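Below is one structure; the comments refer to it alone.
2 protein chains.
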Amino acid sequence: MGAPLEFYFDFSSPYGYLASQKIEALAARHGRDVDWRPMLLGVAFRQTGTAPLTEIPLKGDYSRRDFARSARFHGLPEFRMPSRFPIPTQAAARIVLWQKARDVALATRLVKAYFRAYFVDDVDISAPDQAVAVAAKEGVSAAEARAAIDDPGIKEALKRDVDGAIARGVFGSPFVFVDGEPFWGLDRFDQIDRWLATGGF
Amino acid sequence: MGAPLEFYFDFSSPYGYLASQKIEALAARHGRDVDWRPMLLGVAFRQTGTAPLTEIPLKGDYSRRDFARSARFHGLPEFRMPSRFPIPTQAAARIVLWQKARDVALATRLVKAYFRAYFVDDVDISAPDQAVAVAAKEGVSAAEARAAIDDPGIKEALKRDVDGAIARGVFGSPFVFVDGEPFWGLDRFDQIDRWLATGGF
Chain A
1152 MGAPLEFYFD
1162 FSSPYGYLAS
1172 QKIEALAARH
1182 GRDVDWRPML
1192 LGVAFRQTGT
1202 APLTEIPLKG
1212 DYSRRDFARS
1222 ARFHGLPEFR
1232 MPSRFPIPTQ
1242 AAARIVLWQK
1252 ARDVALATRL
1262 VKAYFRAYFV
1272 DDVDISAPDQ
1282 AVAVAAKEGV
1292 SAAEARAAID
1302 DPGIKEALKR
1312 DVDGAIARGV
1322 FGSPFVFVDG
1332 EPFWGLDRFD
1342 QIDRWLATGG
1352 F
Chain B
1152 MGAPLEFYFD
1162 FSSPYGYLAS
1172 QKIEALAARH
1182 GRDVDWRPML
1192 LGVAFRQTGT
1202 APLTEIPLKG
1212 DYSRRDFARS
1222 ARFHGLPEFR
1232 MPSRFPIPTQ
1242 AAARIVLWQK
1252 ARDVALATRL
1262 VKAYFRAYFV
1272 DDVDISAPDQ
1282 AVAVAAKEGV
1292 SAAEARAAID
1302 DPGIKEALKR
1312 DVDGAIARGV
1322 FGSPFVFVDG
1332 EPFWGLDRFD
1342 QIDRWLATGG
1352 F
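Chains as they are written, first to last, in the numbering used here: chain A, 1152 to 1352; chain B, 1152 to 1352.
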C-alpha cells in the first residue's frame, strides 16, 4: 500500500467540508489511506495577503453561490452555509490533534463530526463548549477534550503543524499531497485520481 | 438553439488559454455557440484587491506548477509559460473587439491566434507591433488593426465591456455565463456540462 494522502483542511472551509466527504473513496480506489491534517487558514492568509473568500468583493457573492451549487453537484445537498462564518477553529483542531496521538480512527470520526456539526447542523464549533460537546457525542471524555483545548503541548503541536504546512506551501483548504505532489481544491480531485492511477503525468 | 455561452477571458490568463481550447467542444455538445468576450483582469483585480496569481506568496509557486500540470492533464502539452508574464492585453483585446463588429468568425480565429501566440509561441502580444503582426497573419489588414488599437471608439467600447463584466460579477478568467448562471474557472466545466444537460441543478 502506498503512502496515505495528506489531506490538509480548516474546519471553517466549505470546500474543505465537501472534499472531506469525497477524499476517502478517492483514496480507497487506489488502495490508499487518508491522513487528516487540521490546519488554520488564517495563518496562511496572513502569508498570502488574502482574506476569507466571502469577504472579498465580487468573489464573495460568487463563492456563496458556488458553495451551494458545488454541494448539489457533488451529491451533498445537506450542506448549508453556517449562520456564523468564518470561525476560528483552534478548539476543534486541538481536540482532533490530541485524539490523533491516541486513537487515529476515533480522531477521523471526530473530523467528520466537526465538519458535519458546522456545515450541516449549524453548530458554532468555535465555542469550546460546543467543540467539547461534539467530541463527547463521539465517545470522547468531555473533561479530557476540554483539557486538550488549553494544553500548552497541544497548542504548540498545532502551531508546529500549521507552520509546517505553510513551509510545504499549503495556502488553502482543502490541500492534498499525493506522494509529495501538491493539489489545491476539491476541483483537483480529478487530477489526483489520474495521478494515483498513472503514478504522475 | 440556446443562447451562446458567454466566455470572458484575459489573454494573459493561463487558465483562460486552457479553457479556450475546451469551451467550443463543450458548447457544441449541447448545441451552443461561444461568445468570446475579452476583458482586462487588472481592472477586476483592483476591485477584489488581489494580484496576478504568480505574484502571490505560496500561491505563486503552486500556480506555476498547476498551470503546466493542468495543461498536461487536459491534453495541451504545448502550453508553455511565457517569458514575460503577466502582460497588459489591451492591444489584442481592442483588435478582437473591432473585428468582432465586422466578422465574428474572423474575430474568433484571432482570439485563438493571440492565445496561441502568447502561450505556445512565447510572443509578447502586449507590444502593438506583435499584436498587429498576429492579426495580419490571420488575414486582417495590418494598417486597420494598428488603427483599431488607438481608435477612441474601440477604446471606449472595451472599457464599457470591462465595466459591464465587472458589474455582472466577473473577477477572474475564464469566467462563463450559461443562461445567466456564472461559472469561474476551467475547473467548473464539469458543472457547466451538467448544467447544460439538465437545465440547472
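Ideal Cβ positions, reconstructed from N, Cα and C, are used throughout, including at glycine.
This one's a predicted model, so the numbers in the text were calculated from it and none came from an experiment.
**Item:** 8 Å Cβ cutoff met for L1261 of chain A and A1286 of chain A
**Value:** Position 110 of the first sequence, counted from the first residue, corresponds to residue 1261 of chain A. Position 135 of the first sequence, counted from the first residue, corresponds to residue 1286 of chain A. Yes. Within cutoff.
**Prompt:** Using 8 Å as the limit for Cβ to Cβ distance, is G1350 of chain B near chain A?
**Reply:** As a working note, residue 1350 of chain B is residue 199 in the second sequence. With 8 Å as the cut-off, G1350 of chain B does not count as an interface residue toward chain A.
**Prompt:** To the nearest angstrom, how far is it from the Cα of D1161 of chain A to the Cα of A1179 of chain B?
**Reply:** By one-based count along the first sequence, residue 1161 of chain A stands at place 10. By one-based count along the second sequence, residue 1179 of chain B stands at place 28. When rounded, the distance between both Cα atoms is 39 Å.
**Request:** State the Cα-Cα distance for the pair D1338 of chain A and F1352 of chain B, rounded to the nearest angstrom.
**Result:** Numbered from its first residue, the first sequence carries residue 1338 of chain A at position 187. Numbered from its first residue, the second sequence carries residue 1352 of chain B at position 201. D1338 of chain A and F1352 of chain B: Cα-Cα distance of roughly 18 Å.
**Asked** What is the rounded straight-line gap between the Cα of R1297 of chain A and the Cα of I1207 of chain B?
**Response** Here residue 1297 of chain A refers to the residue found at position 146 when the first sequence is read from its first residue. Here residue 1207 of chain B refers to the residue found at position 56 when the second sequence is read from its first residue. Answer to the nearest angstrom: the Cα atoms are 38 Å apart.
**Prompt:** What does P1208 of chain A touch in chain B if you count any residue whose Cβ is under 9 Å from its own?
**Reply:** As a first step, residue 1208 of chain A is located in the first sequence; it is residue number 57 there, counting from the start. Neighbours of P1208 of chain A on chain B, chain order: Q1198, T1199, G1200 and F1322.
**Message:** Comparing C-alpha positions only, which one of B:A1242, B:A1316, B:Y1166 and B:L1347 sits nearest to V1329 of chain B?
**Reply:** Reading the second sequence from its first residue, position 178 is the one you call residue 1329 of chain B. When each option's Cα is compared against that of V1329 of chain B, the closest is B:L1347.
**Prompt:** Shortest alpha-carbon distance to K1306 of chain B belongs to which of B:M1190, B:D1341 and B:H1181?
**Reply:** For the purposes of this step, residue 1306 of chain B is taken as residue 155 along the second sequence, with counting starting at 1. Comparing Cα-Cα distances from K1306 of chain B to each of B:M1190, B:D1341 and B:H1181, the minimum goes to B:M1190.
**Request:** Determine, using beta carbons only, whether R1220 of chain A comes closer than 8 Å to chain B.
**Result:** The residue labelled residue 1220 of chain A in the question sits at position 69 within the first sequence. Interface residue, yes.
**Item:** Continuous alpha helix (DSSP H) assignments of at least 4 residues falling wholly in the segment 1191-1249 of chain A
**Value:** 1192-1199 and 1210-1224
**Message:** Excluding the 5 residues flanking E1157 of chain A on each side, which residues of the same chain have their C-beta closer than 7 Å to its C-beta?
**Reply:** Translated into positions along the first sequence, residue 1157 of chain A becomes position 6. So the qualifying residues of the chain are D1186, R1188, V1327 and F1328.
**Message:** Could you give the first and the last residue of the continuous alpha helix (DSSP H) run that contains R1260 of chain B?
**Reply:** As a working mapping, residue 1260 of chain B is identified with position 109 in the second sequence. Segment V1255 to F1270, the alpha helix (DSSP H) holding R1260 of chain B.
**Asked** For chain B, is any of its Cβ atoms less than 8 Å away from the one on Y1213 of chain A?
**Response** Translated into the one-based positions of the first sequence, residue 1213 of chain A becomes position 62. Closer than 8 Å to some Cβ of chain B, the Cβ of Y1213 of chain A qualifies, so yes.
**Request:** List the DSSP bridge partners of L1156 of chain B.
**Result:** For the purposes of this step, residue 1156 of chain B is taken as residue 5 along the second sequence, with counting starting at 1. DSSP lists B:V1185 as partners of L1156 of chain B.
**Asked** Start and end of the alpha helix (DSSP H) containing P1279 of chain B?
**Response** Here residue 1279 of chain B corresponds to residue number 128 of the second sequence, with the count starting at 1. Note, P1279 of chain B: alpha helix (DSSP H), P1279 to K1288.
**Asked** Between the segment 1164-1178 of chain B and the segment 1163-1171 of chain A, are three or more C-beta pairs nearer than 8 Å?
**Response** no
**Request:** Measure the CB-CB distance between Q1250 of chain A and F1224 of chain B and report whether it falls below 8 Å.
**Result:** In the first sequence, residue 1250 of chain A corresponds to position 99, counting from 1. In the second sequence, residue 1224 of chain B corresponds to position 73, counting from 1. No, they are not a contact pair.
**Item:** Run of the alpha helix (DSSP H) containing F1340 of chain B, from where it starts to where it stops
**Value:** Indexing the second sequence from 1 puts residue 1340 of chain B at position 189. F1340 to T1349 is the span of the alpha helix (DSSP H), which, as asked, contains F1340 of chain B.
**Item:** Three-way DSSP call (helix, strand, coil) for P1325 of chain A in this model
**Value:** The sequence position of residue 1325 of chain A within the first sequence is 174, counting from 1. If DSSP states are grouped into helix, strand and coil, P1325 of chain A belongs with coil.
**Message:** With a threshold of 8 Å between beta carbons, is D1338 of chain A in contact with chain B?
**Reply:** Here residue 1338 of chain A is taken as the residue at index 187 of the first sequence, counted from 1. For D1338 of chain A, the answer is yes, since a Cβ of chain B falls inside 8 Å of its Cβ.
**Asked** P1333 of chain A touches chain B at which residues, Cβ-Cβ below 8 Å?
**Response** Working through the first sequence from its first residue, we reach residue 1333 of chain A at position 182. Those within 8 Å of P1333 of chain A in chain B are Y1213 and R1216.
**Request:** Would you grab the beta carbon distance between S1277 of chain B and P1239 of chain B for me? Rounded to a whole angstrom, and I think it's under 8 Å.
**Result:** Here residue 1277 of chain B refers to the residue found at position 126 when the second sequence is read from its first residue. Here residue 1239 of chain B refers to the residue found at position 88 when the second sequence is read from its first residue. Contact holds; Cβ gap of about 5 Å.
**Asked** Rounded to whole angstroms, how far is the Cβ of V1321 of chain A from the Cβ of A1195 of chain A, which I believe are closer than 8 Å?
**Response** Numbered from 1 along the first sequence, position 170 holds the residue referred to as residue 1321 of chain A. Numbered from 1 along the first sequence, position 44 holds the residue referred to as residue 1195 of chain A. Indeed they touch by this definition, with Cβ atoms about 6 Å apart.
**Prompt:** Quick one: does R1223 of chain B have its CB under 8 Å from some CB of chain A?
**Reply:** Along the second sequence, one-based indexing puts residue 1223 of chain B at 72. So yes, R1223 of chain B belongs to the interface.
**Request:** Report the residue from B:G1331, B:W1335 and B:G1336 whose alpha carbon sits nearest the alpha carbon of G1350 of chain B.
**Result:** By one-based count along the second sequence, residue 1350 of chain B stands at place 199. Cα-wise, what sits closest to G1350 of chain B is B:G1331.
**Request:** Starting from the beta carbon of Q1342 of chain A, find every residue of chain B whose beta carbon is closer than 8 Å, and list them in chain order.
**Result:** The residue given as residue 1342 of chain A occupies position 191 in the first sequence. Under the 8 Å cutoff, chain B gives R1220, S1221 and F1224.
**Contact with chain A by R1188 of chain B, beta-carbon distance below 8 Å** = As a first step, residue 1188 of chain B must be located in the second sequence, where it is residue number 37. Answer no: the Cβ-Cβ gap between R1188 of chain B and chain A never drops below 8 Å.
**Asked** In the segment 1233-1256 of chain B, which residues sit with their C-beta less than 7 Å from some C-beta in chain A, listed in chain order?
**Response** none
**Message:** Do L1192 of chain A and A1244 of chain A have their beta-carbon atoms positioned less than 8 Å apart in this structure?
**Reply:** Start at 1 with the first residue of the first sequence, and residue 1244 of chain A comes out as number 93. Start at 1 with the first residue of the first sequence, and residue 1192 of chain A comes out as number 41. It is not a contact, given that the beta carbons lie outside the stated cut-off.
**Prompt:** By Cβ distance, which residues of its chain are closer than 6 Å to F1270 of chain B, with the 5 residues on each side in sequence left out?
**Reply:** By 1-based counting over the second sequence, the position of residue 1270 of chain B is 119. These residues qualify, in order along the chain: Y1168 and F1230.
**Asked** Listing by chain order, which chain A residues have their CB less than 9 Å from the CB of R1267 of chain B?
**Response** One-based indexing of the second sequence puts residue 1267 of chain B at position 116. Correct list: empty, because the minimum Cβ distance to chain A is about 23 Å.
**Request:** State the Cα-Cα distance for the pair D1301 of chain B and V1274 of chain A, rounded to the nearest angstrom.
**Result:** As a working note, residue 1301 of chain B is residue 150 in the second sequence. As a working note, residue 1274 of chain A is residue 123 in the first sequence. Computed Cα separation, rounded: 58 Å.
**Prompt:** Is the CB-CB distance between L1209 of chain A and T1199 of chain B below 8 Å?
**Reply:** As a first step, residue 1209 of chain A must be located in the first sequence, where it is residue number 58. As a first step, residue 1199 of chain B must be located in the second sequence, where it is residue number 48. For L1209 of chain A and T1199 of chain B, yes; Cβs fall inside 8 Å.
**Asked** Could you check where the beta strand (DSSP E) with F1334 of chain B kicks off and where it finishes?
**Response** Taking the first residue of the second sequence as position 1, residue 1334 of chain B is located at position 183. It spans E1332 to W1335 - the beta strand (DSSP E) in which F1334 of chain B sits, taken as one unbroken run.
**Message:** Mapping the DSSP letters down to three states, classify V1291 of chain A as helix, strand or coil.
**Reply:** Against the first sequence, residue 1291 of chain A aligns to sequence position 140. V1291 of chain A: coil per DSSP, three-state reduction.
**Request:** Using alpha carbons as the reference points, say which of A:E1289, A:A1316 and A:A1176 lies closest to A1268 of chain A.
**Result:** For the purposes of this step, residue 1268 of chain A is taken as the residue at position 117 of the first sequence. With distances taken between Cα atoms, A1268 of chain A lies closest to A:E1289.
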